[in-house]
Amino acid sequence: MAVGSLLILPGDGIGPEVMDEVCRIIEWFEKKLDVEFEKKFDDVGGAAYDKYGTPLSDETLRIANEVDAILLGAVGGPKYDNLEFSLKPERGLLKLRKELDLYSNLRPAQCFDALSDYSSLKPNIVSGLDIMIVRELSSGSYFGEPRGIEKSKTGERYAVNTTYYSESEIERVAISAFEIASKRSKKVCSMEKANVMEVGVLWREVVQKIRDRDYPEIELSHMYADAGAMQLVRWPKQFDVIVTDNLFGDLLSDCAAMLTGSLGMLPSASLGNKNANGKLKAMYEPVHGSAPDICGKGLANPIACILSFSMALKYTFDLKKEAELLDKSVERVLSKGIRTADLLQKENQKPSSTKEVCDEILNELNIQL
Ligand code: NAD
């Protein structure tokens, strides 16, 4: 059964290494289950600069606009550090997010029981943790105008960034958070700084309005973002879905991520409006970067990228059971103590390679089927 189309963009550094493993997982799903993806492959970031002279070609963007979902590895690397700003690999990624208007960034912070010792917090605080941070991704302080570094009349330099949100920008990310919460425990906490910022006042008002009008079954609470950061490390399990703006979401999702162990474990999704096929525009990618320090050594943890594909199964292709099968297989591999070097704690423990971890996940998929 054809379930939809995928654009696979491995990118730079460890991106292609972890994406190779994701492709083996996709092949397994196609061979063993009644699913089939129409797959297209292309380059992004430094790899696209090397091939096309730009970190995101117009043709790649055109295809990205047509497919149901994009799977991206990572971009960047020292080779490209001296390129002018507009040609840097990271610009390719930002352009994709901007052009596809991917405004809702989903970052799950999930602590697998086998890894509850890896968090900087006590195991009883994090074990079984499963929260979702929904971060507004296309507006706010990172895009607001005016912005820049200027010189005052006295010759002193000053810098300006503007935090801007329109009602509709807040509305759509609030809807995204309520929709996700509807499929989870129906609980949302919205975080802003309404005590000191007008943007926060409007944010709180609009989120509450959407909840009262369209989602009365959802339990909504509001928290100042600084208090939210404190609560995240004090008792994270009090939260289910957190919705917040671009800047606070950047900080809070990194903080929540570290509750769960390694960067190599963290998937993400960025969602937009519906495309011509009636599916939400979507890009799935691990949170980590291109990790030049371990590139080419077989050390990269493929799980963040594999769990990103699992999110695609759930959020784009409506294959919840298949996603659960994959998540469960990852969990079982971890509980057997199989892990890449980033997840090792004891000196005499032998790390598994990127490929070996995927071999084990495929093995578990076969057992679970
Ligand atoms: P990074 O995430 O690449 O690496 C940070 C640390 O985590 C490194 O020690 C790395 O070895 C380790 N690490 C990351 N992913 C891992 C994995 N899957 N398995 C095991 N260990 C892993 O961040 P950085 O070093 O700050 O950035 C390197 C490059 O990546 C830069 O060019 C940066 O701009 C780019 N970057 C890209 C993205 C993206 O593509 N979304 C995100 C962040 C950074």
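In my numbering, the protein residues as written are -19 to 349.
We put the CB at the ideal spot given by N, CA and C, even for glycine.
From a predicted model like this one, the values you see are computed outputs, not experimental measurements.
C-beta contact flag for residue i and residue j at 8 Å
i	j	result
residue 183	residue 144	no
residue 76	residue 44	yes
residue 357	residue 344	The shown model of the chain, from -19 to 349, leaves out residue 357, and the question about it has no answer.
residue 309	residue 85	no
residue 55	residue 270	yes
residue 28	residue 72	yes
residue 235	residue 4	no
residue 60	residue 33	no
residue 22	residue -11	yes
residue 138	residue 151	no
residue 47	residue 20	yes
residue 88	residue 96	no
residue 291	residue 80	no
residue 335	residue 278	yes
residue -1	residue 53	yes
C-alpha gap between residue i and residue j, whole angstroms
i	j	result
residue -5	residue 9	21 Å
residue 307	residue 319	15 Å
residue 172	residue 330	44 Å
residue 189	residue 198	12 Å
residue 40	residue 231	30 Å
residue 206	residue 214	13 Å
residue 288	residue 6	12 Å
residue 49	residue 347	28 Å
residue 154	residue 133	42 Å
residue 268	residue 244	6 Å
residue 93	residue 302	21 Å
residue 65	residue 147	31 Å
residue 333	residue 69	27 Å
residue 196	residue 112	20 Å
residue 176	residue 37	42 Å
residue 35	residue 208	36 Å
residue 286	residue 212	26 Å
residue 187	residue 260	21 Å
residue 317	residue 327	14 Å
residue 62	residue 255	37 Å
residue 194	residue 42	34 Å
residue -9	residue 67	14 Å
residue 24	residue 127	27 Å
Top-ranked residue by Cα proximity to residue i, from the options
i	options	result
residue -15	88, -9 and 18	18
residue 228	121, 303 and 101	121
residue 125	131, 118, 137 and 141	141
residue 293	118, -3 and 248	248
residue 284	-19, 305 and 51	51
residue 149	253, 24, 35 and 282	253
residue 340	193, 176, 42 and 281	281
residue 342	326, 327 and 305	305
residue 101	210, 255 and 123	210
residue 218	165, 193 and 261	165
residue 123	246, 136 and 74	74
residue 274	-13, -3 and 194	-3
Cβ-based neighbour list, residue i, same chain, cut-off 6 Å, excluding 5 preceding and 5 following
i	result
residue 216	109 and 239
residue 225	116 and 120
residue 179	143 and 145
residue 297	-17 and -16
residue 315	94
residue 311	92
residue 321	279 and 331
residue 170	187, 202 and 223
residue 246	237, 267 and 284
Beta-carbon proximity list for residue i, same chain, < 7 Å, skipping 5 on both sides
i	result
residue 90	109, 110 and 240
residue 157	114, 168, 221 and 223
residue 58	272
residue 191	158, 198 and 200
residue 12	349
residue 324	331
residue 161	167, 168, 198, 220 and 221
residue 78	118
residue 233	87, 113 and 115
residue -13	20, 22, 43, 44, 47 and 50
Close-in-space but distant-in-sequence residues of the same chain around residue i (CB under 8 Å, 5 per side omitted)
i	result
residue 99	91, 105, 106, 238, 239, 240 and 241
residue 174	180, 181, 183, 184, 202 and 204
residue 300	293 and 294
residue 257	-16 and 48
Cβ-heavy atom distance, residue i to the ligand MN, below 7 Å
i	result
residue 280	As for the ligand MN, it is missing from this structure, which binds only the ligand NAD.
Q: Starting from the N-terminal side, write out each stretch of the alpha helix (DSSP H) that is 4 residues or longer and does not extend beyond the region 7 to 81.
A: DSSP runs (the alpha helix (DSSP H)) wholly in the region 7 to 81: 26 to 32, 38 to 46 and 69 to 79.
Q: With a floor of 4 residues, list each alpha helix (DSSP H) that falls wholly inside the region 92 to 169, ordered by position along the chain.
A: Counting whole runs of 4 or more residues, the region 92 to 169 contains the alpha helix (DSSP H) stretches 103 to 106 and 147 to 162.
**Q.** Every unbroken alpha helix (DSSP H) within the region 221 to 296, with a cutoff of 4 residues, ordered by chain
**A.** With a minimum length of 4 residues, the unbroken runs of alpha helix (DSSP H) contained wholly in the region 221 to 296 fall at 226 to 238 and 283 to 295.
Q | Whole beta strand (DSSP E) elements within the region 180 to 218, 3-residue minimum | A | Those beta strand (DSSP E) runs which fall completely within the region 180 to 218 and span 3+ residues are 199 to 204.
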